[in-house]
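Chains as they are written, first to last, in this note's numbering: chain A, 1 to 670; chain B, 1001 to 1709.
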């Protein structure tokens, strides 16, 4: 019997093993991978981009129990039927001009200051709002942030097509004033299987990453758990942390003949104050990449040509670019495991290069510390978005003003124009998505468009427009429009006027005198898609960071947050306000009542009766008493006036006496 | 008779009080006016010490970070500017280029802002309107433009919603040593702020070109910042204007050029602005000194906290001597010293009675305080900003001008770095303090008068003087009116019997006649306000001739009024009715003056205060000259009237005041005209006050004086 049972058990176990093996073979398993991308920036700073990806297969094939994937996120997806969600915490501003605005990293990781949350739900239309509200509360608890303030209908909006097309299932909200700090990072790190105990996340030394010039922590979630059709890939959670750091300038180096100074050299330990010890063993891959931008590469090649021998020069370009790592422009302390080169699909000339370092072979005893040393001063610039966007307020005072969004052409679009010049008519489409809180009452009919400093009618310049005026205390105003600009445009500007509204006293936030925020506008360059295509595809697609870089993404820019000063009541003096209001009301109502209930004839009669019983009760009593005593019949006294004046004199004497006493007491005791 | 006695009801106490005051209006007005003037003189005694009201400011809580490296760098920068000054011809381009190079090397963003000199033109009632969006001058030539250089530091952790502005004006035509030093201070602070991590607000450094006046450059930049003009016509480099030489080439040589350097850069809402100037003359003290100028247009002041932190840091942190403007001649006036002595002895007496009563101040303190107070009052009343900071106040930005002056001593070279260090650290401290501020300045006072850098009189105190001065006006008007109507009714009764109802009715409307006169004179005042607009374009006329034209026009228009509407002024034929008539006229005049003064006190309090000092005695005293026989009393009265009315004429008042303060030998009558022109060029409400309140009241007083009765 026991034998049979054991055989049965064995068979059962065998089958279980078989099925799990089969599943592993298909690739249907949880996965986690980490990567860090470092990129020197033109203004002596360094961009560090951490990327962690966790993925889990769909529930119906894999089940509900996970080894790696964070349970809280899984439950979020299950509960709110999320199709896609992105949450970002950002401190500082992305400098589009210096750090680039066109490459995949900047267009997907440059976020507005504060918190931005958007989510696409897979629920019937009427449940979307409820799901959003619950989601904000759940996230608020998860990330120790006041995301729950996005719950109110004045705080979020439903972009139709400009932000991304979703047919009403997308909700979008921002909290520009949210302060971002370690309390938001710690729960974010808890979602990683190794937390920050091992792997690349050990680099996240709090003081150094919060000292940076830009800090954006992002969580992006895609799931098609509830998709009836299409690919079934389960839930994919991308967590990225993008920071811009200033390397410590050690001994401001020698000034070179050209007059420019050397870029500061940096290493992982100097940037973060830490080194990478052991890799996270749960991670499929943990790599560090050093990216050299297109323009930097072309500068390096030029440098190679200049310094190299003349005969070796131009026709050995490939050669040079293959070998230049250790010899001319800069030096890496560790030879890269692999060099990944961008493939030139459009023949634009320069190409970016990635150096890959694997941290798998390092341990706590022999930590990984990459050093990047510049040898020659180089000047380059980042790839710019076709138009640089800035938004500002116009006007002053507490009454009205206007918002201006100005778009300035960068050199990038000139190149594009040259490329597209074959087409007879070339247009540049720019989608603008702007949410305005209800207390800033925007008059959308005052929308003015100026292209190249010339006024254009809205019908001419705007291709598509969707405006949802704000409703007081219910919903914010939403403006979505597609500008149609000629390719050779140098500048464009958009102005809308607004009135400043009044809030109810308990609607003012703390520190109301600072002013109120208008969240960033999102500007999407619909005609442009950015990606970096690499040569050998099959390997690179397994690395999530690289596949992200290869995915085509839209070029997006966020504008500045604006601060609108509104009229605020004087909160510091409620007592004064209450007192003066009460006094005014008392005076008003007192005199009004007086005037209403007074009758002239009545008053005369009243006076007359008063004159008859002028003397008070006490004196009349006394008079009666004395009359009785004297045995005479009592009659009302006639010399009332004299007695009154006598009384008055007495009263005055008394008052004077008391005052004198008080003065004397005050003088001698004090 | 019998029924009358008990029915005679007592009126309400408030009405009784009013009647009582009206019946004693002479005494009341004398008491009130004296009390008002006394309260004004007492203000320096009543001044309180300033204190920092907003806790978030925390001035001086951090140790200054400006190092000697920054200062030596700035010193080198100053040297470069001065050497450019001596060598280069095209200073207007070289200095901006130098500043731009330095800012770019520091990692700041930079752009130029070109502006044309804008002629101040007469725009009546401008002070009610918000600043004009991009007024374009059609006929100014291409070459007369100024070039501001704007450097911006983006706060590394900040969200860029707010900004602090540092302004260093310099004359691109000829840079003086002081201006170079102020640029040096700006540069040292800027270079420090590019490195610090505590910035929460962006920093804008505006090196403004002051060749068309310090105010013009700043105002032009602010206008472009707040009300940019997109239409294209506002751009200076249109096709018609030729590019200035060498302008395009230095766009390319910058290090981190990214192609959009010429766009106008914005950086959020301005939280505060500091204008840094260095005086070329040395300070008269043994220490470096700092003068604070705060008055903006129409008596607007920056928040007192801003003055406070500058004063606090300068005195406690950097051992500077802080001063605010004062009227120098007050320091030597005997009567102020006498008053000061009186107040001091009173204070001593009070202290001997009770040691806790300590309101006495020393004589010197009193005299100094009143000289400062008078200057503060005058500058506010004038309504003309005392420096480039005035441009910021028009956009509700708190701003002050800090003018450093060096102590003159040997060892100049060494002193320069020390001076730069001191100035730079002070500016750094103020910037740091404002940077701490989460909300905008709102905690402290906006309406105040300074009696010294660390003492102030708040609105609650200084309005007492004005209220006392103005209080007798309605009372006197009412009592005059009631007296006149009583007299009139008695007249009517005596002539047409006791029961003539229509006559009584007619009598109650008699004041309308006087009101019409007043209204016509007011219209005339409005006309006089607009008059200079029509003839101020006459070329090549000296202020003197313009003033004469103005006076002649004034007299002619008055005569025309007299001739055309002469019947108004000489209505009625019997003496009794004329007697009532002048009383009506005076009462309505006083009512008009009261309304005008009260209105003005809302717009510009200091103007109303000074105006009341002139207007109230004049209005109250006027009595027709031919009223009674020539006794001593009446002749005294007439003399008083004549003197007051003479002084009430604005040019005379101006000349007498100026002469009393600065000595009569340096005075020319034409100065009044330049003063008036300054008023309307700066859109001061004082001009409107003078022409629409003061002048009509003066004319009406003369009418009363000359009234035939």
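We put the beta carbon where it would ideally sit given N, CA and C, even for glycine.
No experiment lies behind these values; they were computed from the predicted model shown.
Interface residues of the segment 1146–1166 of chain B facing chain A [CB-CB below 9 Å]:
1154, 1155, 1156, 1157, 1158, 1159, 1160, 1161, 1162
Delimiting residues of the alpha helix (DSSP H) encompassing residue 269 of chain A
268–272
Return no unless some Cβ of chain B is closer than 8 Å to the Cβ of residue 396 of chain A.
yes
When the distance is taken between beta carbons, is residue 1206 of chain B closer than 8 Å to residue 1218 of chain B?
In contact: residue 1218 of chain B and residue 1206 of chain B (Cβ atoms closer than 8 Å).
At the 8 Å Cβ level, is residue 1448 of chain B part of the contact set with chain A, yes or no?
no
Return the bridge partner residues of residue 404 of chain A from the DSSP annotation.
A:392, A:495
Helix, strand or coil at residue 1299 of chain B [DSSP, three-state]
Secondary structure of residue 1299 of chain B (DSSP, three-state): helix.
According to DSSP, which residues form a beta bridge with residue 554 of chain A?
Residue 554 of chain A is bridged to A:529.
Residue 1211 of chain B beta carbon less than 8 Å from that of residue 1172 of chain B:
yes
On the three-state DSSP scale, how would you describe residue 434 of chain A?
Correct three-state label for residue 434 of chain A: strand.
In or out: residue 1308 of chain B buried (at least 16 other Cβ within 10 Å) or exposed?
That one is buried.
Would you say residue 513 of chain A reaches chain B, if we count a Cβ-Cβ gap shorter than 8 Å as a contact?
For residue 513 of chain A, the nearest CB of chain B lies under 8 Å from its own CB, placing it at the interface with that chain.
With distances taken between CB atoms, is the gap from residue 267 of chain A to residue 354 of chain A smaller than 8 Å?
No, the pair does not count as a contact, with Cβ atoms beyond the cut-off.
Those residues which DSSP pairs with residue 335 of chain A across a bridge:
Within the DSSP bridge table, the entry for residue 335 of chain A names no partner.
With residue 456 of chain A as the anchor, note down where its beta strand (DSSP E) starts and where it stops.
454–456
Among the candidates B:1580, B:1045, B:1543, whose CA atom is the shortest distance from the CA of residue 1677 of chain B?
B:1543
Along the alpha helix (DSSP H) that carries residue 568 of chain A, what are the first and last residues, could you check?
First-last for residue 568 of chain A: undefined, no H or E at that position.
Are the C-beta atoms of residue 1268 of chain B and some chain A residue less than 8 Å apart?
Yes, residue 1268 of chain B counts as interfacial toward chain A.
Helix or strand or just coil, what does DSSP make of residue 152 of chain A?
coil
For residue 238 of chain A and residue 553 of chain A, I'd like the C-alpha separation in whole angstroms.
15 Å
Can you give me the Cβ contacts of residue 477 of chain A inside the same chain, cut-off strictly under 6 Å, excluding the 5 residues immediately before and after it?
436, 442, 469, 470
Reduced DSSP secondary structure (H/G/I, E/B, other) of residue 1718 of chain B
The question about residue 1718 of chain B has no answer, for chain B in this structure spans 1001 to 1709.
Contact criterion: CB-CB distance below 8 Å. Does residue 516 of chain A meet it with respect to chain B?
no
Would you kindly work out how many angstroms separate the C-alpha atoms of residue 1464 of chain B and residue 174 of chain A, rounded to a whole number?
51 Å
Determine, using beta-carbon pairs with one atom in the segment 1610–1626 of chain B and one in the segment 1587–1599 of chain B, whether at least three such pairs fall under 8 Å.
Yes, the segment 1610–1626 of chain B is in contact with the segment 1587–1599 of chain B.
Using alpha carbons as the reference points, say which of B:1092, B:1511, B:1532, B:1102 lies closest to residue 1113 of chain B.
B:1092
Residue 1641 of chain B, buried or exposed, once every other Cβ within 10 Å from all chains shown has been counted against 16
buried
Is the beta carbon of residue 1528 of chain B less than 8 Å from the beta carbon of residue 1695 of chain B?
yes
Check for me: the beta strand (DSSP E) holding residue 137 of chain A runs from which residue to which?
It is not in any beta strand (DSSP E) - residue 137 of chain A instead sits in the alpha helix (DSSP H) that spans 128–143.
Contact criterion: CB-CB distance below 8 Å. Does residue 1438 of chain B meet it with respect to chain A?
yes
Is it the case that the Cβ atoms of residue 1264 of chain B and residue 1111 of chain B are separated by a distance below 8 Å?
The answer is yes: Cβ separation under 8 Å.
Which residues in the same chain as residue 336 of chain A place their Cβ atom closer than 8 Å to its Cβ, once the five residues preceding and following it in sequence are excluded?
The residues are 290, 325, 355, 356, 357.
Applying a beta-carbon distance threshold of less than 7 Å, which residues of chain A neighbour residue 1395 of chain B?
396
Give me the Cα-Cα distance between residue 167 of chain A and residue 522 of chain A, rounded to the nearest whole angstrom.
18 Å
At the 8 Å Cβ level, is residue 1228 of chain B part of the contact set with chain A, yes or no?
With 8 Å as the cut-off, residue 1228 of chain B counts as an interface residue toward chain A.
Sequence-distant residues of the same chain with beta carbon closer than 6 Å to residue 209 of chain A, five excluded per side:
243
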